[in-house]
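The sequence shown begins at 1 in full-length UniProt numbering and counts up one residue at a time.
Yeah, the Cβ is synthetic: ideal placement off N, Cα and C, and Gly gets one too.
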Amino acid sequence: MVSAMTGRSGALGAYLFDLVQAPIRWHAVRAAIVLGVFDIPEAGFTAPAAAERLGLAAERTAPFLDALAAMGLMDKAGGVYRPVAEAAALLSSASPTSLTRSLLQLSGLRHAGLDRLPELLRGEPAARADLDLADPEFWRRAVASLRSFHRALGRAAMLEVLDALPEWPGARRFLDIGAGSETLCLAVKDRRPEMAVTLFDLPGGAARIAADLAAAGRADALEIRPGDYNADDFGSGYDVIWASMTLYYAADLAAVLGRVRAALAPGGVFVSFHEGLTGERTAPETHVVGRLMPALRGQDVSFDLGRIADAARAAGFARVESRTVETSFGPMRADLCR
């Protein structure tokens, strides 16, 4: 018993010490993003060369780059630093799989108010962002952030779920509800050119996505349907309907899913891809801790495990199959509703 407790105590001590390190890691990465460290065009560079190119204090640049190397983001040999391939892919702003916009936006959302956490828990008012859904600039930032996440991490996880559907090879019409960006829909269209692909999102987001598609010369690739999933028409005859991390603001979840069911073609399938909290909303840690600050600001919207599946049954789906999908952004629950 003593040895077991000692082992647990040692593990907990290491975990607590690592918590002190964690903010340093993030702020080092954030500084590297803001300063453009991973955008330096040379394949390898010395600390003095990086300092000169980025306008940094020469004597402070080497310790900073050494810290990035210690985190596994850089290789260093003979005084020359090189970003590792995966870091370059995710942290260079020019990379098609760059995660930088999403990381900066998400950290702002998740970290806002952390310095006032004791005060918030004592009941002081939480500052709440006033979101102007009519402001095009809001939608430009929102779509860009989600596009960054979808391209870097989300798309592959989502396509894996779709590829595993027995209905997928024969599907001819696809709808993405609350898409957030065009990324998944374009991936589907590029892989299945014959498929009719429809994207449904709030009017501001839909307009931003449509403008970006037009600017990229792909205005005709997708059908864009602006609307609110609580009230507006989805269309009909879809073989596969997808909704990922979007159903949080359903006024009546069963009613929304009933309208989703009505939009399916005979033999069609609806796929929900959301978190599923367990342990009386204490797990998984990724979702519970990551969404703590939004929860304290009144946005405790994460779904309990089984909540969407139960709503789907209440909406009239005859068969609901659920499975956990491990992703780089935490375990997700895929509910396949038929």
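Residue range of the unbroken beta strand (DSSP E) whose run includes residue i
i, result
"G258", "Per DSSP, G258 belongs to no beta strand (DSSP E); it is in the alpha helix (DSSP H), L253 to A263."
"T324", "V320 to V325"
"E223", "E223 to P226"
"A126", "Where A126 is concerned, there is no enclosing beta strand (DSSP E), given that its DSSP letter is neither H nor E."
"R333", "M332 to C337"
Span of the alpha helix (DSSP H) around residue i
i, result
"D239", "First-last for D239: Y238 to S244, but that is the beta strand (DSSP E), not the alpha helix (DSSP H)."
"S102", "T100 to H111"
"P96", "Per DSSP, P96 belongs to no alpha helix (DSSP H) and is neither H nor E."
"T46", "First-last for T46: undefined, no H or E at that position."
"F149", "P136 to F149"
Assigned exposure category for residue i - 16 Cβ within 10 Å defines buried
i, result
"S272", "buried"
"E119", "exposed"
"T282", "exposed"
"E275", "buried"
"P83", "buried"
"G10", "exposed"
"H150", "buried"
"L19", "exposed"
"residue 374", "The structure shown does not extend to residue 374, since the chain is modelled only from 1 to 338, so the question has no answer here."
"S181", "buried"
"A311", "buried"
"A200", "In the sequence as displayed, the identity of residue 200 is Phe instead of Ala. Answer is buried; the Cβ neighbour count reaches 16."
"F64", "buried"
"F17", "exposed"
"A127", "exposed"
"A142", "buried"
"A262", "exposed"
"R147", "buried"
"L114", "exposed"
"A164", "exposed"
"L121", "exposed"
"R191", "exposed"
Residue j beta carbon less than 7 Å from that of residue i
i, j, result
"D232", "R173", "no"
"A62", "A47", "yes"
"R101", "S145", "yes"
"R30", "M71", "no"
"R225", "T183", "no"
"F303", "L153", "no"
"V256", "F270", "no"
"T246", "G316", "no"
"A43", "A51", "no"
"D39", "S92", "yes"
"T278", "A157", "no"
"Y81", "F45", "yes"
"A334", "R323", "yes"
"P284", "P331", "yes"
"V301", "Y248", "yes"
"R140", "R218", "no"
"L99", "A87", "no"
"D135", "W242", "no"
"V320", "C337", "yes"
Distance cut-off 6 Å: residue i Cβ against heavy atoms of the ligand NAD
i, result
"Y249", "You won't find the ligand NAD in this model; it holds no ligand whatsoever."
Supposed contact pair residue j and residue i - C-beta distance, whole angstroms, cut 8 Å
i, j, result
"L213", "L222", "7 Å"
"A254", "A314", "4 Å"
Subject >> Any beta strand (DSSP E) of 3 or more consecutive residues that is wholly inside the region 160-206 >> reply: 173-177 and 196-201
**OP:** With a floor of 4 residues, list each alpha helix (DSSP H) that falls wholly inside the region 49-79, ordered by position along the chain.
**Re:** 58-70
Subject >> Whole beta strand (DSSP E) elements within the region 273-329, 3-residue minimum >> reply: 320-325
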